[in-house]
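Below is one structure, written out as structure tokens; comments come after it.
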């Protein structure tokens, strides 16, 4: 059967998120998570559908990509077909030709599992590698320690607090209460929680959103931030510990997160919260449009 690619439409987002959920397992290479789709949902269901690409054969979804910005496709593939040559070659063609509507001409980036054949074929086609990222993982077999600060699980009535901490944690963030409600309206948020940490004076000092992929599967932290006026006080560690505890309560087998390796402070914060670094990963990068098609 031929491989069919395209956008799923709003009605197909649930199927794409469901496929991503099924593909998560402990020991998997760093890959797109249903929580990544859920976090993107802050822009609304229609924008999310427009940013998602799927590859299917015989009615089964084999690959899901999220266009994160204009030139980065975050792609993952069903574990049993990561070395499928027909799928890998179709992916390379779709990524190489702007007319396919996946990536623009010129400089572009692809995030894909390290063990996928598409990595090899992109290298043959002249795609290089970009800056390293560090995935980190915390096992959730054992109970998680107390974070040492007050933690609030944010609901609809307190969305403004969550949004304010997000804006105070990331320069240029435009996250608003309306964005939170859009995100919470997406299907992935049924397995998610937003947490806010408070200091002794009652000020909101850090926040995180955690995404479960279902019982017995890895859960994701995306995003985590500490208010710029409260950094250096251990709140990043505290909210990361609280995130791990929330995911364990949701049935997750482990908690995972990924951060640029150049952000040494973030890597150290997660490590202090019991997350163990895994081998670095790099996106594939195309610097020119005239990439070679693999033989």
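In my numbering, the protein residues as written are 24 to 318.
Don't be surprised by glycine CBs; every beta carbon is placed ideally from N, CA and C.
Compare the C-alpha of residue 236 against each of 214, 256, 222 and name the closest. Here residue 236 refers to the residue found at position 213 when the chain shown is read from its first residue. Answer by Cα proximity: 214.
Taking residue 286 as the reference, which of 304, 195, 167, 156 has the closest Cα? Against the chain shown, residue 286 aligns to sequence position 263. Closest in alpha carbon position to residue 286, among 304, 195, 167, 156, is 156.
To the nearest angstrom, report how far apart residue 184 and residue 227 are at their CA atoms. For this step, residue 184 is matched to residue 161 along the chain shown. For this step, residue 227 is matched to residue 204 along the chain shown. If I take the Cα positions, the gap works out to 8 Å.
The beta strand (DSSP E) that contains residue 99, what's its start and end? Translated into positions along the chain shown, residue 99 becomes position 76. Run containing residue 99: 95-100, per the beta strand (DSSP E) assignment.
At the level of alpha carbons, what is the spacing between residue 41 and residue 158? To locate residue 41, count along the chain shown from 1; it is residue 18. To locate residue 158, count along the chain shown from 1; it is residue 135. Residue 41 and residue 158: Cα-Cα distance of roughly 23 Å.
If you drop the 5 nearest sequence neighbours on each side, which residues of the same chain put their C-beta closer than 8 Å to that of residue 211? Mapped onto the chain shown, residue 211 falls at position 188. Excluding positions up to five away in sequence, the list reads 40, 57, 58, 60, 61, 64, 234.
I believe residue 260 touches residue 282 by the beta-carbon criterion, under 8 Å. Please report the beta-carbon distance rounded to the nearest angstrom. Translated into the one-based positions of the chain shown, residue 260 becomes position 237. Translated into the one-based positions of the chain shown, residue 282 becomes position 259. The Cβ separation is near 14 Å, so there is no contact.
Could you give the distance in angstroms between the alpha-carbon of residue 258 and the alpha-carbon of residue 119? Within the chain shown, the letter at position 235 stands for residue 258. Within the chain shown, the letter at position 96 stands for residue 119. Residue 258 and residue 119 have their alpha carbons spaced roughly 43 Å apart.
Please name the residue or residues paired with residue 106 in a DSSP beta bridge. Taking the first residue of the chain shown as position 1, residue 106 is located at position 83. Residue pairing by DSSP places residue 106 in no beta bridge whatsoever.
Less than 8 Å separating the beta-carbons of residue 220 and residue 207? As a first step, residue 220 must be located in the chain shown, where it is residue number 197. As a first step, residue 207 must be located in the chain shown, where it is residue number 184. Not a contact, by the Cβ cut-off of 8 Å.
Quick test of the definition: if touching needs 3 or more C-beta pairs under 8 Å, does the segment 73-92 touch the segment 238-252? no
Runs of beta strand (DSSP E) lying entirely within the segment 181-238, each at least 3 residues, in chain order: 215-221, 227-234
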